[in-house]
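Reading through the structure tokens given below for one structure.
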Amino acid sequence: MTKLLNLIVLPMGKILSFLYSFIGNYGVTLILLTLIVKLVTFPLYKSQMLNTLKMAELQPKMKDIQARFGHDKALLGAKMQELYKEEKYNPAGGCLPMLIQMPIIFGLFSLLRDPLSYISDQQLIFAVHEPFLWIADLSHPDKWILPILAGVATFISFSLSQQAQMGTGQANPASGMKVMKYIFPVAIVLIGRSFPAGLAIYWFFGQFIQIFISIHLNSVRKKMNQQKEKSKRMKKAAVN
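Quick note: the sequence shown uses my numbering, first residue 4, plus one each step.
As structure tokens, this is what we get:
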């Protein structure tokens, strides 16, 4: 596990050192690194959303197949595979983007929690102790402001994600997910008060950018749904 983590963290450490060599400010470097990571992973977020929309679109057909062939698991599975092939839908497509993102998230968490364990650049070793805005030392925790900002940004981002889920035609989020919308931001505040301020900067700006990504993807989803409804109305009018 440690070797696998190093394969992810060490290159990120080199990227961090490279960015700092041009910028010369550790706080700004962290913000730029966060922006780069979000830009790189944006296609994954979009792919995940499109996969979810496709899944919602196939729900009526899937329920029909389950009603007709639910008594025979082998036949049910075969019919589902036929549907997926016909509709060019990959049921694993929604999981793959998350599986790719998770190592990146864990890698960044490890790097920014303990940068000196992964960075040999002498210049950057001193940089992690730099002040930034009101923070005297980025290697020490910021007790309130950054953690609260990170918690608020997480709450808004989580809320937008739930709106996107409801907008795909899926059932409303389970009560457990609704509770998580409140518990997770509180946990982020507590974690932010315990770990280096550099990590809190990454999380806050990451969630801040994610808010705009979610707004954009929700807008794309709404336009796609409107286009589908328009196509349905046109087909119905043509039949009549």
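Virtual Cβ for every residue (Gly too), placed ideally from N, Cα, C.
For the alpha helix (DSSP H) that Gly-30 lies in, which residues bound it at each end? Here the alpha helix (DSSP H) through Gly-30 covers 29–72.
Is it right to say Tyr-48 is buried, meaning 16 or more other beta carbons lie within 10 angstroms of its own, or is it exposed? Buried.
Provide the residue(s) that pair with Ile-138 in DSSP beta bridges, ordered along the chain. When DSSP reads this structure, Ile-138 sits in a beta bridge with Phe-135.
Check whether the Cβ atoms of Gly-16 and Tyr-121 sit closer than 8 Å, and answer yes or no. The Cβ atoms of Gly-16 and Tyr-121 lie closer than 8 Å to each other.
Check the C-beta distance from Val-12 over to Leu-114 and give it rounded, since I have them as a contact under 8 Å. Rounded, the Cβ-Cβ distance is 5 Å, consistent with contact.
Check for me: the alpha helix (DSSP H) holding Leu-86 runs from which residue to which? First-last of the alpha helix (DSSP H) with Leu-86: 76–90.
Could you work out which residue in Ser-24, Gln-213 and Ile-191 is closest to Thr-37 when comparing CA atoms only? Ranked by Cα distance from Thr-37, the options Ser-24, Gln-213 and Ile-191 are led by Gln-213.
DSSP three-state call for Asn-9: helix, strand or coil? Judged by DSSP in its simplified three-state form, Asn-9 adopts helix.
Beta-carbon contacts of Ala-77 that lie in its chain and below 7 Å, excluding the five residues immediately before and after: The beta carbon of Ala-77 is closer than 7 Å to none in its chain, skipping five residues each way along the sequence.
If I'm right that Ile-204 touches Gly-154 with Cβ under 8 Å, what's the distance once you round it to whole angstroms? About 14 Å; that fails the 8 Å criterion.
Assuming Pro-188 contacts Phe-158 under a Cβ cut-off of 8 Å, what Cβ separation, rounded to an integer in Å, is found between them? Indeed they touch by this definition, with Cβ atoms about 4 Å apart.
What did DSSP end up calling Ser-164 once you bin it into helix, strand or coil? DSSP places Ser-164 in the helix class (H, G or I) of the three-state scheme.
From the DSSP output, in three-state form, read off Lys-146 for me. Assignment of Lys-146 by DSSP, reduced to helix, strand and coil, places it in the coil class.
Less than 8 Å between the beta carbons of Ser-142 and Ser-217, yes or no? No, they are not a contact pair.
Please report the straight-line C-alpha distance between Asn-9 and Phe-109, rounded to a whole angstrom. CA-to-CA, the gap between Asn-9 and Phe-109 works out to about 11 Å.
Can you give me the Cβ contacts of Met-183 inside the same chain, cut-off strictly under 8 Å, excluding the 5 residues immediately before and after it? So the list reads Phe-161, once near-sequence residues are dropped.
DSSP three-state label for Ile-194, please. Here Ile-194 sits in helix by DSSP.
So which of Lys-239, Gln-166, Ala-241 and Arg-196 has the shortest CA-CA distance to Asn-221? The shortest Cα separation from Asn-221 among Lys-239, Gln-166, Ala-241 and Arg-196 belongs to Gln-166.
When you compare only the Cα positions, how much space is there between Leu-111 and Gly-201? Separation of Leu-111 and Gly-201 (C-alpha to C-alpha, rounded to the nearest whole angstrom) is 11 Å.
Cβ atoms of Leu-56 and Met-237: under 8 Å apart, would you say? Cβ distance not < 8 Å, so Met-237 and Leu-56 don't count as in contact.
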